[in-house]
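Structure, as structure tokens:
2 protein chains.
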Amino acid sequence: MRNLVRPALAVLAAAPAVLSAPARAQAAPDSVAWDIVSGLTTEVGQRLAGSEAEARARDWGARKLAALGFREVKVEPFTIRGYQRGVDKARITAPVPQMLAVTALGYSGATADKGIEAEIAYFPTLAALKAAPDGSLGGKIAFIDHAMRAAQDGSGYGPYGQVRREGPSVAARKGALAVVIRSVGTDSHRNPHTGVTSWAEGVKPIPAGAVSNPDADLVARLVKLGQPVRIALTLTGRTVEGLPSGNVVADLPGRDPALPPVLVGCHLDSWDLGTGAIDDASGCAIVTAAALRAQAAGKTLRTIRVLWAGSEEIGGFGGEAYAKAHPERHALAMESDFGADRVWRVQTRFAAADKPLADRIVAALGQMGIVAGRATAGGGTDVEPVIAAQKLAVVDLGQDGTHYFDLHHTPDDTLDKIDPAALEQNVAAWAQVLALVANAEAIASAPAGAGD
Amino acid sequence: MRNLVRPALAVLAAAPAVLSAPARAQAAPDSVAWDIVSGLTTEVGQRLAGSEAEARARDWGARKLAALGFREVKVEPFTIRGYQRGVDKARITAPVPQMLAVTALGYSGATADKGIEAEIAYFPTLAALKAAPDGSLGGKIAFIDHAMRAAQDGSGYGPYGQVRREGPSVAARKGALAVVIRSVGTDSHRNPHTGVTSWAEGVKPIPAGAVSNPDADLVARLVKLGQPVRIALTLTGRTVEGLPSGNVVADLPGRDPALPPVLVGCHLDSWDLGTGAIDDASGCAIVTAAALRAQAAGKTLRTIRVLWAGSEEIGGFGGEAYAKAHPERHALAMESDFGADRVWRVQTRFAAADKPLADRIVAALGQMGIVAGRATAGGGTDVEPVIAAQKLAVVDLGQDGTHYFDLHHTPDDTLDKIDPAALEQNVAAWAQVLALVANAEAIASAPAGAGD
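Heads up: the protein sequence lines correspond to chains L and W, in order. According to my numbering, the first sequence is numbered sequentially starting from 32. According to my numbering, the second sequence is numbered sequentially starting from 32.
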């Protein structure tokens with residue numbers, strides 16, 4: 032088949048107007064994407080993994096996708112180990128009383144209802160905490176003041192995120208009573224950033240919270256005064272096994288149902304402090320509106336399947352469940368889970384044989400001012416398991432993340448943060464790519480490490 | 032005396048370098064202003080009127096002023112009707128559950144500890160609420176969705192602030208069970224803006240809260256869905272009589288102690304959600320640092336007196352107490368209570384005979400790029416009572432308030448919001464003015480309505 036594809040693509044390369052016709056037929060903004068973000072944030076709100084609200088979000092999503100003309104709309108249930116938030120409170124008790132804006136991290140250990148109160152051991156960085164002698168934190172609350180810096184491509188989330196993912200385990204191993212970190216976030220508001228922590232094997236969870244950046248600034252200034260700083264901390268949330276979650280999966284059938292589908296993913300769950308507008312209602316809005324736009328002038332050759340994954344935030348359960356439930360062959364996978372700011376970069380992962388298709392994608396997006404990056408596409412949490420299992424081709428549309436970590440996992444993740452014009456640019460870019468890949472007659476496997 | 036002043040001023044007018052020498056001698060930034068803002072926010076924190084924290088702020092202020100070389104440092108106590116915050120909670124219960132970020136307004140009525148739950152009556156504006164028939168709000172929570180717009184000169188706070196000051200009384204009169212307003216603020220964060228409300232005579236207080244702008248957006252969208260919107264509201268704070276408060280007053284003596292002093296005011300209390308950095312630690316920092324800078328090259332002719340007023344936020348009690356306690360003649364009064372952004376405008380109120388002095392002030396500030404406004408200076412809450420009692424001359428240095436109401440009365444009023452360079456520009460502008468007015472040999476009374 033591959034030899035058949037190339038000439039077809041070559042023809043299209045010579046006639047870009049033909050190639051982009053489906054997208055251009057709908058180039059005027061439509062309301063699908065906005066309706067999804069607005070609907071999920073307004074009519075459902077926060078959708079914590081494993082919660083009753085997440086179940087309502089699945090119902091909402093299934094109804095919405097059916098109303099939009101998707102077929103084979105299915106809710107595919109699974110269960111998870113979840114985190115149920117309790118009371119989150121913190122204050123400085125010495126050298127002066129001060130309130131702290133705090134949130135528990137996902138899978139935090141719990142304090143008693145009356146909380147705990149202890150002196151802090153202050154660490155400016157995660158490295159400094161790691162360098163502390165074993166057992167040196169007995170009876171203390173470890174405070175990790177490691178400040179995140181913004182980056183357009185979001186690349187800081189890997190290393191800075193380790194403060195949240197790894198820091199609590201390190202503190203627990205060294206005997207800390209509890210741990211409080213500076214939020215992994217780039218804003219200056221009194222809204223702490225939650226997110227999941229990961230307990231290393233054999234480590235007993237301790238209460239683990241994050242304070243807002245201005246609160247961490249305050250702690251740092253108090254530490255500089257030279258007197259002991261004490262914190263009273265109440266975090267009563269619980270880790271619970273066997274909570275119900277699920278994915279919503281739906282198809283826009285292609286002309287040849289026998290061909291492996293193109294999979295586009297996002298996640299339906301959100302953290303509970305905000306309403307999950309940029310994380311990740313906007314992703315579901317973008318992939319869904321783009322799929323419809325790619326078929327606006329008629330069916331694509333291949334089916335386009337949307338995956339609104341459940342329980343991404345707490346550990347990527349939805350993506351794992353999808354890969355297990357869907358061993359059938361896929362053609363390619365993509366994901367949108369980095370907010371709603373403009374796409375500025377494209378990266379791909381194709382087999383060498385599909386370089387012409389990759390080039391066509393880069394060329395089409397180049398006309399929108401989107402540049403080609405040098406790295407290999409990876410997909411994202413919700414599609415990585417199926418990508419890994421099937422060695423799928425991947426396209427990553429990189430969004431501007433300069434301000435993403437201002438809002439990420441905070442109460443401020445609300446609808447007003449989404450710029451309708453930027454959302455539309457995402458849909459337009461995605462529709463360009465989907466029109467190309469869903470009309471490709473063959474797409475080869477692309478082992479990890481392959482790339483253009 | 033006045034005839035003596037003019038020639039002196041005329042000489043100075045011909046030699047501006049001489050006039051501004053005291054300020055220029057210290058033109059490099061000093062640390063006094065920053066130390067005061069940082070110290071008050073770090074070592075004291077929130078300083079709610081009538082609270083134990085406000086008492087600690089008075090102690091801190093008196094120690095600080097003495098250490099800076101001020102004389103006659105006095106704490107002048109008075110008592111107030113205050114508001115003690117309780118539990119503030121709100122959530123939407125129908126048509127879907129959603130959390131709301133809420134704060135009680137000062138002097139709010141209290142709900143029972145378990146709160147109340149009722150359908151809202153939605154009003155897009157204060158005018159719409161006023162137009163509702165009497166008695167039409169029985170059993171309902173009035174929701175006033177009146178959105179504030181930003182203005183450089185802060186002039187929107189007058190009319191928009193009426194939503195908070197007057198709205199609750201109007202709702203109570205029409206039979207509302209409680210009232211919730213969209214915050215009087217211009218930001219998009221989940222941090223509600225508190226502030227005092229004013230109960231009209233004969234009106235029994237009802238629970239009165241404010242939700243953040245994104246929360247008000249959400250309520251408006253839910254109202255548009257067409258189903259009843261219900262809110263559960265818990266606001267358990269109490270109005271308490273006879274709470275201790277006080278002013279801190281201190282002098283930088285002039286060469287002639289018999290001459291009436293120049294009074295520079297700010298307020299020491301803050302709302303309790305943030306740490307009162309821009310409202311109004313920065314004001315106390317600016318007036319105090321500028322007084323010192325005006326005397327850096329030697330004593331001014333007149334004494335410069337600083338007033339760090341207590342209990343401004345809850346009703347201007349400190350300014351009233353100062354005017355009563357200080358019937359002795361003053362020369363002129365000024366206040367800084369509009370954040371720490373740059374001074375862009377000067378307005379004055381002088382007797383016609385002092386027009387040359389007013390002109391010198393305008394000319395000196397013009398060299399810093401500060402423009403003359405057309406209105407008459409008024410001072411501000413902390414100095415208005417003494418201005419009114421003594422018909423004092425006034426100089427207003429207007430700061431850029433474009434972003435002031437992003438932070439005003441919210442948890443976000445913290446030290447990181449202050450730009451040290453802008454703070455320094457304030458001190459420099461104030462020092463210019465103080466060097467002029469504190470060296471003026473005579474300053475006449477300036478009845479309200481007088482102006483340049």
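By construction, the Cβ of each residue, glycine as well, lies at the ideal position given by its N, Cα and C atoms. Computed from a predicted model, the values in this text were never measured in an experiment.
Inter-residue Cα distance where the pair is residue i and residue j
{"i": "Ile309 (chain W)", "j": "Val464 (chain W)", "result": "21 Å"}
{"i": "Gly307 (chain W)", "j": "Leu428 (chain L)", "result": "43 Å"}
{"i": "Gly409 (chain L)", "j": "Gly411 (chain W)", "result": "59 Å"}
{"i": "Thr267 (chain L)", "j": "Asp144 (chain L)", "result": "6 Å"}
{"i": "Val426 (chain W)", "j": "Leu438 (chain W)", "result": "25 Å"}
{"i": "Glu232 (chain L)", "j": "Val210 (chain L)", "result": "18 Å"}
{"i": "Ala452 (chain L)", "j": "Ala383 (chain L)", "result": "35 Å"}
{"i": "Gly198 (chain L)", "j": "Leu208 (chain L)", "result": "13 Å"}
{"i": "Leu388 (chain L)", "j": "Asp218 (chain W)", "result": "45 Å"}
{"i": "Tyr114 (chain L)", "j": "Ser214 (chain L)", "result": "19 Å"}
{"i": "Ser476 (chain L)", "j": "Leu294 (chain L)", "result": "14 Å"}
{"i": "Ala420 (chain L)", "j": "Phe348 (chain L)", "result": "15 Å"}
{"i": "Ala466 (chain L)", "j": "Ala424 (chain L)", "result": "16 Å"}
{"i": "Ser367 (chain L)", "j": "Ser186 (chain L)", "result": "16 Å"}
{"i": "Ala56 (chain L)", "j": "Gly206 (chain W)", "result": "Confidence at Ala56 (chain L) is low in this model, with a pLDDT of 41, below 50, so its placement is unreliable and no value can be given for it."}
{"i": "Thr73 (chain L)", "j": "Ala460 (chain W)", "result": "48 Å"}
{"i": "Ile335 (chain L)", "j": "Arg286 (chain L)", "result": "11 Å"}
{"i": "Gly404 (chain L)", "j": "Asp184 (chain L)", "result": "11 Å"}
{"i": "Pro236 (chain W)", "j": "Ala141 (chain W)", "result": "8 Å"}
Closer than 9 Å at the beta carbon, the chain W residues around residue i
{"i": "Ser219 (chain L)", "result": "Asp443, Thr445, Asp447, Lys448"}
Listed by chain order, chain L residues near residue i by CB distance under 8 Å
{"i": "Asp248 (chain W)", "result": "Thr445, Leu446, Asp447"}
{"i": "Ser214 (chain W)", "result": "Result: empty, since nearest Cβ-Cβ is about 13 Å, beyond 8 Å."}
{"i": "Ser69 (chain W)", "result": "Arg252"}
Coarse secondary structure for residue i, derived from DSSP in three states
{"i": "Val260 (chain W)", "result": "coil"}
{"i": "Asp66 (chain W)", "result": "helix"}
{"i": "Gly198 (chain L)", "result": "helix"}
{"i": "Ala382 (chain L)", "result": "coil"}
{"i": "Asp90 (chain W)", "result": "helix"}
{"i": "Thr265 (chain W)", "result": "strand"}
{"i": "Ile111 (chain L)", "result": "strand"}
{"i": "Gly240 (chain W)", "result": "strand"}
{"i": "Lys330 (chain L)", "result": "coil"}
{"i": "Glu85 (chain W)", "result": "helix"}
{"i": "Ile172 (chain W)", "result": "strand"}
{"i": "Thr270 (chain L)", "result": "strand"}
{"i": "Lys235 (chain L)", "result": "coil"}
{"i": "Ile212 (chain W)", "result": "strand"}
{"i": "Lys161 (chain L)", "result": "helix"}
{"i": "Lys105 (chain L)", "result": "strand"}
{"i": "Glu359 (chain L)", "result": "coil"}
Cross-chain neighbours of residue i in chain W, by beta carbon under 7 Å
{"i": "Thr73 (chain L)", "result": "Leu249, Arg252, Leu253"}
{"i": "Pro245 (chain L)", "result": "Thr445, Asp447"}
{"i": "Gln129 (chain L)", "result": "Gly76"}
{"i": "Ala86 (chain L)", "result": "None at all; the shortest Cβ gap to chain W is about 13 Å."}
CB contact check: residue i to chain A, cutoff 8 Å
{"i": "Ala132 (chain L)", "result": "Absent from the structure is chain A; the protein chains it does hold are L and W."}
Chain-ordered neighbours of residue i on chain W, where CB pairs are closer than 8 Å
{"i": "Asn222 (chain L)", "result": "His220, Arg221, Asn222"}
Output the residue ranges of the alpha helix (DSSP H) runs that lie fully inside the region 116 to 158 of chain L and measure 4 residues or longer, sorted by chain position. You should have found no qualifying run.
contact_flag[the region 277 to 287 of chain W, the region 337 to 353 of chain W] where n(CB pairs < 8 Å) is 3 or more: Counting Cβ pairs under 8 Å, three or more are found: they touch.
Three or more C-beta pairs closer than 8 Å, one from the region 194 to 202 of chain W and one from the region 93 to 106 of chain W: is that the case here? Segments in contact, no.
Under 8 Å, with one C-beta from each stretch per pair, do the region 175 to 183 of chain W and the region 247 to 267 of chain W reach the 3-pair mark? Enough Cβ pairs lie closer than 8 Å, so yes.
Between the region 144 to 156 of chain L and the region 289 to 304 of chain L, can you find at least three pairs of beta-carbon atoms closer than 8 Å? Result no; under three Cβ-Cβ pairs closer than 8 Å.
Entirely within the region 396 to 469 of chain W and at least 3 residues each: give me those beta strand (DSSP E) ranges in chain order. Segments of the beta strand (DSSP E) lying fully in the region 396 to 469 of chain W: 424 to 430.
Is the number of C-beta pairs between the region 323 to 336 of chain L and the region 369 to 386 of chain L that are closer than 8 Å three or more? Contact annotation: the region 323 to 336 of chain L does not touch the region 369 to 386 of chain L, with fewer than three C-beta pairs closer than 8 Å.
Cβ contact (3+ pairs, closer than 8 Å) linking the region 63 to 81 of chain L and the region 162 to 174 of chain L: The answer is no - the region 162 to 174 of chain L does not touch the region 63 to 81 of chain L, with fewer than three Cβ pairs under 8 Å.
Taking only runs that begin and end inside the region 274 to 350 of chain W, name each unbroken beta strand (DSSP E) of 3 or more residues, in chain order. Entirely contained in the region 274 to 350 of chain W, the beta strand (DSSP E) runs reaching 3 residues are, in chain order, 293 to 298, 335 to 340.
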